[in-house]
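To convert a position in the sequence shown, counted from 1, into my numbering, add 3.
Yeah, the Cβ is synthetic: ideal placement off N, Cα and C, and Gly gets one too.
Quick caveat, the model's predicted, so the values are computed rather than measured.
Accompanying notes for the structure given below.
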Amino acid sequence: MADTGQRPKMRDNDVSFFLNVLPNTIKATLNVAQLGKVTRLYDDNKKAEVQPLALSSDETPRARLIGVHVGKTKRSIIAVGDVVVVMFMDRSIANFDGSNKLFKLSANRLHDLNDSFIVEVY
Numbered sequence: 004m005a006d007t008g009q010r011p012k013m014r015d016n017d018v019s020f021f022l023n024v025l026p027n028t029i030k031a032t033l034n035v036a037q038l039g040k041v042t043r044l045y046d047d048n049k050k051a052e053v054q055p056l057a058l059s060s061d062e063t064p065r066a067r068l069i070g071v072h073v074g075k076t077k078r079s080i081i082a083v084g085d086v087v088v089v090m091f092m093d094r095s096i097a098n099f100d101g102s103n104k105l106f107k108l109s110a111n112r113l114h115d116l117n118d119s120f121i122v123e124v125y
């Protein structure tokens, strides 16, 4: 918007909100994937703890991800210290038991940090 020296019309503020503020807010709160370092493997290698590698905006470490599912093809090669790609599922997987059976959603959450899977070992 060009600077005319006049106050912006209310409509201009609405347009700016929908084109800039709202999409950026949604993007900032949507979890899709992260790089992380495996800090602990559970006994059966089906789950892990992962420290995200990217620092938060205030340059402090992000919270460790606990109980991250490990994909079947990665269980035999994953080790503590590995860099991994963690993806966040569209819906809650709290009731997923690893089988091919249908399961009930336990929550309405979307792309939540609690619903994570390791899909690649770097």
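Task: Cutoff 6 Å; reference Ser-119; Cβ partners in own chain excluding five residues on either side - done: Leu-68, Val-71, Val-89, Phe-91
Task: Cβ-Cβ separation, Val-41 to Gly-84 (assumed contact under 8 Å), whole Å - done: 6 Å
Task: Start-to-end residues for the beta strand (DSSP E) that takes in Ile-121 - done: 119-124
- [ ] Label Lys-77 either buried or exposed according to how many other C-beta atoms from any shown protein chain fall within 10 Å of its C-beta, with 16 as the threshold for buried.
- [x] buried
TODO: Compare the Cα-Cα distances from Lys-50 to each of Phe-106, Gly-101, Ala-36, Ser-95 and report the closest residue.
DONE: Selected option, being the one with the closest Cα: Gly-101.
Open item on the list: Between which residues of its own chain and Leu-113 is the CB-CB distance below 7 Å, once the five residues before and five after are set aside?
Closed with: Asp-93, Arg-94
Open item on the list: Could you tell me the alpha carbon to alpha carbon distance between Ser-59 and Ala-66, rounded to whole angstroms?
Closed with: Spanning the two alpha carbons is a distance of roughly 9 Å.
Task: Reduced DSSP secondary structure (H/G/I, E/B, other) of Thr-63 - done: coil
Open item on the list: Could you check whether Asn-98 and Ser-109 sit closer than 8 Å to each other, using their CB atoms as the reference points?
Closed with: yes
TODO: Would you mind working out which of Lys-104, Glu-123, Asp-17, Asp-61 sits nearest Ala-82, comparing C-alpha positions?
DONE: Glu-123
Task: For Ile-69, the first and last residue of its enclosing beta strand (DSSP E) - done: Ile-69 -> beta strand (DSSP E) spans 68-73.
Open item on the list: Here's the rule: buried if 16 or more other CB atoms are within 10 angstroms of the residue's CB, otherwise exposed. What is Val-53?
Closed with: buried
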